[in-house]
Amino acid sequence: MAQFVMPSLGADMEEGTILEWLVKPGDSVRKGDVVAVVDTTKAAVDVECFTGGTIGEILVPEGDKVPVGTPLAVINEPTTTAPSPAKPARAEKPRREKPPTKPPPASPPVRTFAAQHGIDLATVHGTGRDGAITRNDVARALAAKPRPAAAARRITPYARTVAAELGVDLSGVVADPVRARDVRAAAGAPRQRAERAEPRRREVRDDDAMRQAIATLMTRSKREIPHYYLSTTIDLHTASKWLREHNLQVPVAERVVPAALLLKASALAAKQVPQLNGRWIDGAFQPGNGIHLGVAISLRGGGLVAPAIADADTLGIPGLMAHLRDLAARTRSGRLRSSELTTATITVTNLGDLGVESVQGVIYPPQVALIGFGAISERPWAVDGMLAVHPVLTATLAADHRASDGATGARLLNTIDGLLQRPEEL
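For the sequence shown, our numbering assigns the number 31 to the initial residue and increments by one for each residue that follows.
Below is the structure:
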């Protein structure tokens, strides 16, 4: 038996509110399955299960706010029984056994969605790659089932909140119980939207609470971390030329923005200078178990979060661009996963779109470095003794002097510069 506790979804989180349970007692879960939606001061986060087993008991109901570390549910882990002593085998005629039926392929979120709504995946025809069952396949199977009476359906409080924000008529949502993700799915169908004389908006989070959380974290960072700062100006003439040529060869939806190049160069540089990729915990530096690049994203209502792109150094430029778009969209719609808020090993912030020339950031504890990029601007630039006009930007490193020194920080910035002069290798 294991206890599923309120996770810490950031160094500034002290408590969280259970917005929605996605499982009930008796449900089977696997490691990595999303089991609940938790409201922090910054976002509504999908919380993943840390182990597999069966949900035994829900300890904290929806709507309750509890401190980090509070037990939320009991998970009965699968047990293995010792085999009984083998009996002497009798000679029997060999029998031809049928091979076990392979379950239809489906991702963990799709299996969870099907289990929540009582859909047997064996009865669903998959339309995905190699016959994989998609969420839309399960939704079609669910729509084919008789719709439960409206009075008998359960609608979670968070689902009602999301429905009010998106203007979705809950009577048109086919699910029981109706959860926030069902409402978001219905929001994509115009005929299921409720007609409103004027849009209504509701602030789910308290902006003052978010500012207070950010203030607490940043104060702690400046109090505990001896920051040092280094800056360099990077010539982007070659990178910009490569980017223009690349974007001319791909559809508009697949075009790449400069931020993707900056992220990839930062990830590869962090791999080459591992002293800046990790965390300072219990008085010692702990290297990261991969290059998990935190990306600072501003929220529409104010504040910011820095979810991580896992193993960013292994992604190609198009893949990194796709991850960046997906992460930004889910961050601003409140659909982050808990692992994305707890795994970053180094963070990048890019305020170039806001026109600032340079960024001197504050490190997210317990990380030991933050890379900031300013705006790209055209400036006079000397090339082989001749004056030209090139696009350039300022890159600034904020680093923890306990974990590294200036020479190490300079090596990271020089590595980023060198990589951006060879964009075809990124």
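Think of the CB as a built atom: it goes at the ideal place given N, C-alpha and C, for glycine as much as any other residue.
Whose C-alpha, out of Tyr259, Gly382, Thr164 and Glu455, is nearest the C-alpha of Leu345?
Glu455
Using alpha carbons as the reference points, say which of Leu49, Asp69 and Leu381 lies closest to Ala405.
Leu381
Using DSSP with H/G/I as helix, E/B as strand and the rest coil, what is Gly448?
Three-state result, Gly448: helix.
Taking its Cβ as the centre, do 16 or more other Cβ atoms sit within 10 Å of Arg226, making it buried, or is it exposed?
The predicted position of Arg226 is uncertain, since its pLDDT is 37 and thus under 50; a value taken from the coordinates is nonetheless stated next. The residue is exposed, with fewer than 16 neighbouring Cβ atoms inside 10 Å.
Could you check where the beta strand (DSSP E) with Lys95 kicks off and where it finishes?
Lys95 to Pro97
Where Val335 and Ser251 are concerned, what is the direct C-alpha to C-alpha distance, given to the nearest angstrom?
15 Å
Based on the DSSP output, what are the partners of Gln316 in its beta bridges?
Arg309
At what residues does the alpha helix (DSSP H) containing Gly364 begin and finish?
Gly364 -> no alpha helix (DSSP H), and no H or E assigned at all.
Under the three-state reduction of DSSP, which class applies to Tyr394: helix, strand or coil?
coil
Quick check on Ser434: buried or exposed, where buried means 16 or more other Cβ atoms within 10 Å of its Cβ?
buried
Once the 5 residues before and after Leu450 are set aside, which same chain residues still bring their CB inside 7 Å of it?
Ile264, Leu266, Ala269, Leu291 and Ala295
Can you tell me where the beta strand (DSSP E) holding His420 begins and where it ends?
Met416 to Asp430
If you reduce the DSSP assignment to three classes, tell me which class Phe403 lands in.
strand
Let me know the secondary structure DSSP gives Arg409 once reduced to three states.
Collapsing the DSSP output to three states places Arg409 in a strand.
Contact between the stretch 280-288 and the stretch 367-374: three or more CB pairs below 8 Å?
No: the two stretches stay apart, fewer than three of their Cβ pairs being nearer than 8 Å.
Pairs of beta-carbons, one from the stretch 418-425 and one from the stretch 395-405, closer than 8 Å: are there three or more?
The stretch 418-425 is in contact with the stretch 395-405.
Can you tell me where the alpha helix (DSSP H) with Val213 in it begins and where it stops?
Ala210 to Ala217
To which residues does DSSP link Thr375 through a beta bridge?
None, per the DSSP bridge assignment.
Just reading off the alpha helix (DSSP H) that Pro138 is part of, what are its end residues?
Pro138 to Gln146
What did DSSP end up calling Gln33 once you bin it into helix, strand or coil?
Residue state, collapsed to three classes: strand.
If you compare alpha carbons, which of Ile255, Val64, Thr445 and Gly415 is closest to Gly391?
Ranking Ile255, Val64, Thr445 and Gly415 by Cα distance to Gly391 puts Ile255 first.
Is it buried or exposed, Gly324, if we count other Cβ atoms within 10 angstroms and call 16 or more buried?
buried
Can you grab the Cα-Cα spacing for the pair Ala428 / Val378, in whole Å?
10 Å
Indicate whether Ala217 and Ala189 have their beta-carbon atoms separated by less than 7 Å.
No, Cβ-Cβ distance for Ala217 and Ala189 is not below 7 Å.
So Ile163 packs on Ala145, CB below 8 Å; how close in whole Å?
Ile163 to Ala145, Cβ: 13 Å. No contact.
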